[in-house]
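The listed protein sequences correspond, in order, to chains A and X. Here my numbering is used: the first residue of the first sequence is 3, the next is one more, and so on. Here my numbering is used: the first residue of the second sequence is -18, the next is one more, and so on. Glycine residues also receive a C-beta, built at the ideal position from the N, C-alpha and C atoms. Here the structure comes first, spelled out in structure tokens, and everything after it is commentary.
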Amino acid sequence: AQKVTQAQTEISVVEKEDVTLDCVYETRDTTYYLFWYKQPPSGELVFLIRRNSFDEQNEISGRYSWNFQKSTSSFNFTITASQVVDSAVYFCALSEGGNQFYFGTGTSLTVIP
Amino acid sequence: DGGITQSPKYLFRKEGQNVTLSCEQNLNHDAMYWYRQDPGQGLRLIYYSQIVNDFQKGDIAEGYSVSREKKESFPLTVTSAQKNPTAFYLCASSMYRTANEKLFFGSGTQLSVL
């Protein structure tokens, strides 16, 4: 079974639209960490955010925000007023006590000018 | 600038040939990883190393080999036993191998079979 599910394979939005990328995870551990990474066309993944299982506070960083809900095992990522530079593949990842990272299959976001 | 350098960016392999992908980091990180990325799939762990001269198999280690003779270097060899090697290979590192450590990635190597 998938530990991390990103059901949206591809999303296209017009510039300045808001877009939410979904991430659903599965774990039995009480202590775990969730991550989002961005993979631009250059190929390297870039770290965006880390959240531990005891901190359900939502976070906002500029145009980016993250909604962590343990009740639904979700860690969704919203980009407000999207820009062309946001076009990339976004990966959600889970890390448990066993120190294994589980990556979702990624969501490819295209922002159309 | 600190970071991870992977080379080459593109690599072609002939039948029966072993090829080696290079990964160097100057971040002074203890842990290093190799991931394989196929279209439409997430990243799958091939090998990881927590310390010099020690490494562990990941989920898809068959047909691959690694070495960790220096802290900065973690080369990956794709052997002829790997029957489907065409993929994008990513090297990563973290300060330590603990659950909360973020990963730093290189820019990847695209391996194709001739």
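Quiz item: For the region 73 to 86 of chain X, which residues have a beta carbon sitting closer than 9 angstroms to at least one beta carbon of chain A?
Solution: A73, R78, T79, A80, N81, E82, K83, L84, F85 and F86
Quiz prompt | A:V87: first and last residue of the uninterrupted beta strand (DSSP E) it sits in | solution = Within the first sequence, numbered from 1, the residue matching residue 87 of chain A stands at position 85. Taken as a continuous stretch (DSSP letters only), A:V87 belongs to no beta strand (DSSP E), as it is neither H nor E.
Self-check item: Contact the region 73 to 91 of chain X vs the region -10 to -1 of chain X: 3+ CB pairs below 8 angstroms
Solution: yes
Exercise. Give me whichever residues DSSP pairs with A:T22 in a beta bridge.
Key: Position 20 of the first sequence, counted from the start, is the residue given in the question as residue 22 of chain A. Per DSSP, A:T80.
Exercise. Round the Cβ separation of X:G39 and X:L24 to the nearest angstrom and send it over; I've been treating them as touching at under 8 angstroms.
Key: Locating residue 39 of chain X in the second sequence gives position 58, where the first residue counts as 1. Locating residue 24 of chain X in the second sequence gives position 43, where the first residue counts as 1. Wrong, their Cβ atoms sit about 10 angstroms apart, outside the cutoff.
Quiz item: Is DSSP giving X:K(-10) helix, strand or coil here?
Solution: As a working note, residue -10 of chain X is residue 9 in the second sequence. It is coil, neither helix nor strand.
Quiz item: What are the start and end residues of the beta strand (DSSP E) that includes A:N69?
Solution: Within the first sequence, numbered from 1, the residue matching residue 69 of chain A stands at position 67. Per DSSP, A:N69 belongs to the beta strand (DSSP E) from Y66 to Q71.
Quiz item: Is the region 63 to 80 of chain X in contact with the region 8 to 16 of chain X, if contact means three or more CB pairs nearer than 8 angstroms?
Solution: yes
Quiz item: By the criterion of Cβ-Cβ separation under 8 angstroms, what are the contact partners of X:L71 in chain C?
Solution: The structure shown contains no chain C; its protein chains are A and X.
Quiz item: In angstroms, rounded to a whole number, what distance separates the CA positions of A:F37 and A:D57?
Solution: Taking the first sequence and counting its residues from 1, the one referred to as residue 37 of chain A is at position 35. Taking the first sequence and counting its residues from 1, the one referred to as residue 57 of chain A is at position 55. If I take the Cα positions, the gap works out to 13 angstroms.
Practice problem: Find the nearest neighbour of A:S63 within the set A:F79, A:V48 and A:S75, judged by alpha-carbon distance. | Solution: Counted from its first residue, the first sequence places residue 63 of chain A at position 61. Among A:F79, A:V48 and A:S75, the Cα nearest to that of A:S63 is on A:F79.
Self-check item: Range covered by the beta strand (DSSP E) that runs through X:R17
Solution: For the purposes of this step, residue 17 of chain X is identified with residue 36 of the second sequence, where counting begins at 1. Bounds of the beta strand (DSSP E) holding X:R17 are A12 to Q18.
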